[in-house]
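These notes concern the structure reproduced below.
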Amino acid sequence: MSRLDVARDDVLAHPLHRACELELLHAGEGTSELRFQVNDFTANPLGALHGGILYALMDVTCFFAAVPLLKDNQAPVTIETHNSVLRAAQKGETVVLRGRADRIGRTLAAMRAEAYAVNADGEERLIATGSVTKSILSV
Numbered sequence: 001m002s003r004l005d006v007a008r009d010d011v012l013a014h015p016l017h018r019a020c021e022l023e024l025l026h027a028g029e030g031t032s033e034l035r036f037q038v039n040d041f042t043a044n045p046l047g048a049l050h051g052g053i054l055y056a057l058m059d060v061t062c063f064f065a066a067v068p069l070l071k072d073n074q075a076p077v078t079i080e081t082h083n084s085v086l087r088a089a090q091k092g093e094t095v096v097l098r099g100r101a102d103r104i105g106r107t108l109a110a111m112r113a114e115a116y117a118v119n120a121d122g123e124e125r126l127i128a129t130g131s132v133t134k135s136i137l138s139v
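The sequence shown runs 1 to 139 under UniProt numbering.
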């Protein structure tokens, strides 16, 4: 089993990620794509996607963009994140998260993420952008 397979199984098994019904669609070559549906767990009392859930899952998206670029004895750990929510996703909509590694250095990784709400017709609209910096630890 590859390092990415192990990371995928461990990360997606986390109770928060299971409750969000998070799915990994792609990870490799410094990019990743994940998705989930805005459900009872991920929605706020107004029926829109909760911002805290969005921030957390954008960070996970960046994690999956970084892992394939690292050595087996390295682990990416978040040290800073910035997110801007541009508009809401509503309960029942699917959210697609796309991440990319802008630069993986010896000790730091700089990454970006974007979140898109997908309506019933398959049309995407950008709902959030973010940047994540991770420290590259030896484990």
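The beta carbon of each residue, even a glycine, is placed where N, CA and C say it ideally should be. All of these numbers come straight from a predicted model, not from anything done at the bench.
For the alpha helix (DSSP H) containing residue i, list its first residue and its last residue.
| i | result |
| --- | --- |
| His-17 | 15-19 |
| Leu-46 | Here Leu-46 belongs to no alpha helix (DSSP H), and DSSP marks it neither H nor E. |
| Arg-3 | 3-12 |
By the 10 Å Cβ neighbour count, where 16 or more other Cβ atoms means buried, how is residue i classified, buried or exposed?
| i | result |
| --- | --- |
| Ile-79 | exposed |
| Gly-47 | exposed |
| Phe-64 | buried |
Please determine, among the options, the residue with the shortest C-alpha to C-alpha distance to residue i.
| i | options | result |
| --- | --- | --- |
| Ile-136 | Gly-30, Cys-62 and Leu-70 | Leu-70 |
| Pro-76 | Ser-2, Ala-109, Glu-23 and Thr-42 | Ala-109 |
| Gly-28 | Val-85, Ser-84 and Cys-62 | Cys-62 |
| His-82 | Ala-56, Arg-18 and His-50 | Ala-56 |
| Arg-106 | Val-38, Arg-3 and Asn-73 | Asn-73 |
| Cys-20 | Glu-114, Leu-4, Asp-5 and Ala-43 | Ala-43 |
| Leu-25 | Val-132, Val-85 and Asp-5 | Asp-5 |
| Ala-115 | Arg-103, Phe-41, Ser-32 and Asn-39 | Ser-32 |
From which residue to which residue does the beta strand (DSSP E) around residue i run?
| i | result |
| --- | --- |
| Leu-22 | It is not in any beta strand (DSSP E) - Leu-22 carries neither H nor E in the DSSP assignment. |
| Asp-102 | 94-104 |
| Met-58 | First-last for Met-58: 51-66, but that is the alpha helix (DSSP H), not the beta strand (DSSP E). |
| Val-118 | 108-118 |
| Ala-128 | 124-138 |
| Arg-35 | 31-37 |
To the nearest angstrom, report how far apart residue i and residue j are at their CA atoms.
| i | j | result |
| --- | --- | --- |
| Val-95 | Leu-54 | 9 Å |
| Ala-13 | Asp-121 | 30 Å |
| Gly-130 | Met-1 | 31 Å |
| Phe-126 | Arg-87 | Before going further, note that residue 126 is Leu rather than Phe in the sequence given. Leu-126 and Arg-87: Cα-Cα distance of roughly 8 Å. |
| Lys-68 | Val-139 | The residue you asked about is not Lys; residue 68 is Pro in the sequence shown. Answer to the nearest angstrom: the Cα atoms are 16 Å apart. |
| Ala-113 | Val-60 | 10 Å |
| His-17 | Thr-133 | 21 Å |
| Asn-39 | Glu-124 | 18 Å |
Given a cut-off of 8 Å, decide if residue j and residue i are closer than it, judged by their beta-carbon atoms.
| i | j | result |
| --- | --- | --- |
| Ala-89 | Ala-66 | no |
| Ala-101 | Met-58 | no |
| Gly-99 | Gln-37 | no |
| Glu-23 | Arg-35 | yes |
| Val-85 | Gly-51 | yes |
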